[in-house]
Every structure is written in structure tokens, then in C-alpha cells.
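Novice: Got a structure for you, written out below as C-alpha cells; questions coming shortly.
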Amino acid sequence: MFDASPLLPWTPLHQSGEYARALTQLDAKTTRLADGTLVLHRRIRGIETAMLPRAEISQDSLQRLIRDAGMRKHLWVVSPDHPAPWLADLGAVAVMSPAYVAQVDLGEDLEAQMQPKWRNRLRVAERQDLRITRQNLPLRPDNWILQRDREQQKARGYKPWTDAVTLAFARANRGNAKLFTAFDGKAEVAAMLFLRHGDSATYHIGHATDQGRAKNAHNLLLAQAMAWLANKGVSHLELGQVDTDTSPGLARFKLGAGAMLRPLGGTWLWWPPLGKALTPLKYLDRCAMSARKGVL
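When we follow my numbering, the leftmost residue of the sequence shown carries the number -9, and every step to the right adds one.
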């Protein structure tokens, strides 16, 4: 059982200028609200749809910003960076429960934050004669980490980002897509890709072979990546979502590295022209939109 830790101040990847530049490379339509919040535009079945990914918003500011932007007729897909149950009071309908994300404070003593078992595996990895390299992500769709990630996505049935977005981020933000790779002899046995945005960074994708897992290569990769990022002035690292029900091993890995948990705000649909016509549905969703107890 884990307790959620206090919130860490930072700018999420999906609200960063680096992410916006990547989308511009792909000719995606985006705008910024008056407070700088990034909005992604889509047209779904003829309806103008606006998406707020990982947005830092409040009830008063959201209504005012949308009104001032002349976007009250849009269908809004709102994914707050923090719990926002007040969205139900606007007439928004919850469509996805909040997840938890793991964040590491890189300004603290990194090894002191690691759990003992995780630190022991790191020590084992350090004795394995693994060679670690660091480079900018190669701008080719056939590079090793993207190929392995495609295979992993197909096997597990998920697709968070396309390769096109990852490569666009690397092209638009040279030096901010860093690939750490572990070699055992000449063989690539593990890799982790990190995206830097402002004074923060996000773990993006990773892969390890059976040989890499046996040698705890990911422990060594993550430890070296955290040290390098901290040395470059990065204050916080997000390791992605944590779910001890569906991926307990991955959850233990992230938490063992010293990450703290905090809840996001789920995903909501809100169409301002309908007012509170859908309000009765909020009573079905209000409990679900509390931070999920089963995750911890």
C-alpha cells in the first residue's frame, strides 16, 4: 500500500513548448489560451473538438479562458493534470478515471531516495561490465529502440504515441530526446529514451532483452540517466503512469527508483452549449473520478 506524496511543481510534457513544436512539425493545429494552456484541435464527425492534455486549470479560469478565446461552441476533451471534480458541476461527463503518475525529485539525493532492493539491483548491474552510451535519438524510424517499442506495443495492445510524434519531437528539439543504451559486449541489451522539456523530463519508452533484464540493465540506465539529467539542471523526472493491478513489476521498478505518486484528473467531455443538461450523469461518475484506491 502506498500513499500519494505532495504535488511537485513542474510543466507536464503535453503542455510544454517542446511538445507544441513537435506538433507544429506534423502540421497539427494547436492554440494557446490566454494563460498559456496548450489546446489541440480536432474535427470529430463534423464537430470542432478542443483537447486540453495534462492542463493546470481551475473552474473560474477555464470558463473565462474559453469564453475569451471564442471557443464556447467547441466540444472539450479535458484531461487535468490534477484532480478536478468540480468539472462535474459545469456539466462535464467523466469518461476515464484518474491515473497515478510517478515523479522523481532530481534535486534530492538520488541514491537516498532509492528503495534498498532497487539500490541492491543497481549495485549488481554495476558489476556486470555493461557499457552505457548516451546519444540524441537517431532520426530514423528503423532505429533499435523504436523497432523494439513497436513490437512491444503490438504485443501489449497499446499505442500512446506514434513514431512520427517521437521523431518530430527529436527533430524540433535537438538534444532534448536522449537515448541511453546498455551494451553487453557488442549486443544492445536495454535502452531508455528520455524527453527533456524546460527544467523537467519525461521517460518516454524503453526496452530490455532477456539478457538485459537478467543483468538489471534498466536499473543502471535509469540511475545514470537521472544523474545526467540532474547535472543538466533538470529538476523533476516523470516516469509515467503507475498501476499495481495490471503492471505490478513496473510499478515496483518506478517506485523503487525513488519516485513519488500523485493523481491526475482523469478525462472529461464537456460541451458548453449543453449547459448542465448532462448533469444527472455526474452522480454515476463522481466516485469513479476520485483518485482510484485500487491503484495504490
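We treat Cβ as the ideally placed atom computed from N, Cα and C, and that holds for glycine.
How would you write the range of the alpha helix (DSSP H) that residue 288 sits in, first residue to last?
Specialist: No statement about residue 288 is possible, as the shown extent of the chain runs from -9 to 286 and does not include it.
Novice: Please identify the residue among 170, 176 and 68 whose C-alpha is closest to the C-alpha of residue 260.
Specialist: Looking at the Cα atoms, 68 is the closest of the given residues.
Novice: For residue 178, list the residues DSSP reports as bridge partners.
Specialist: 173
Novice: Tell me whether the stretch 216 to 230 and the stretch 92 to 112 touch, counting them as touching only if at least three CB pairs, one residue from each stretch, are closer than 8 Å.
Specialist: yes
Novice: Using DSSP bridges, identify the partner residues of residue 14.
Specialist: Residue pairing from DSSP leaves residue 14 without any beta-bridge partner.
Novice: Which whole-angstrom value describes the C-beta separation of residue 84 and residue 258, a residue pair presumed to lie in contact below a C-beta threshold of 8 Å?
Specialist: 6 Å
Novice: Three or more C-beta pairs closer than 8 Å, one from the stretch 26 to 35 and one from the stretch 188 to 205: is that the case here?
Specialist: A contact is defined here as three or more CB-CB pairs under 8 Å, and the stretch 26 to 35 fails this definition with respect to the stretch 188 to 205.
Novice: Assuming residue 170 and residue 137 are in contact, meaning their beta carbons sit under 8 Å apart, how far apart are those beta carbons, in whole angstroms?
Specialist: About 17 Å separates the two Cβ atoms, so there is no contact after all.
Novice: Would you mind giving the Cβ-Cβ distance between residue 82 and residue 255, rounded to the nearest angstrom? I have them listed as a contact below 8 Å.
Specialist: In fact, because the Cβ distance is near 11 Å, the residues do not count as touching under 8 Å.
Novice: Are the stretch 191 to 200 and the stretch 100 to 111 in contact at 8 Å, needing three or more beta carbon pairs?
Specialist: Under the 8 Å Cβ criterion, the stretch 191 to 200 does not count as touching the stretch 100 to 111, having fewer than three qualifying pairs.
Novice: Could you check what DSSP says for residue 152 in three-state terms: helix, strand or coil?
Specialist: coil
Novice: Quick test of your reading: residue 205 and residue 118, contact by CB under 8 Å. State the CB separation rounded to the nearest angstrom.
Specialist: With a Cβ gap of about 4 Å, residue 205 and residue 118 count as contacting.
Novice: Go to residue 230, then tell me how far its beta strand (DSSP E) extends in each direction, as first and last residue.
Specialist: 226 to 232
Novice: Using 10 angstroms around the beta-carbon of residue 248, count the other beta-carbons present and answer buried if the total reaches 16, otherwise exposed.
Specialist: buried
Novice: Does residue 41 come out as helix, strand or coil in the three-state DSSP assignment?
Specialist: strand
Novice: Per DSSP, what are the beta-bridge partners of residue 65 in this structure?
Specialist: 39
Novice: Assuming residue 172 contacts residue 245 under a Cβ cut-off of 8 Å, what Cβ separation, rounded to an integer in Å, is found between them?
Specialist: So it is not a contact: roughly 22 Å between Cβ atoms.
Novice: Tell me residue 93's beta-bridge partners as DSSP assigns them.
Specialist: 228 and 250
Novice: Quick one: what does DSSP say residue 125 is sitting in, helix, strand or coil?
Specialist: Assignment of residue 125 by DSSP, reduced to helix, strand and coil, places it in the strand class.
Novice: When DSSP builds the beta bridges, which residues end up paired with residue 258?
Specialist: Answer is 68 and 84, bridged to residue 258.
Novice: From residue 131 to residue 152, what distance separates their C-alpha atoms?
Specialist: 10 Å
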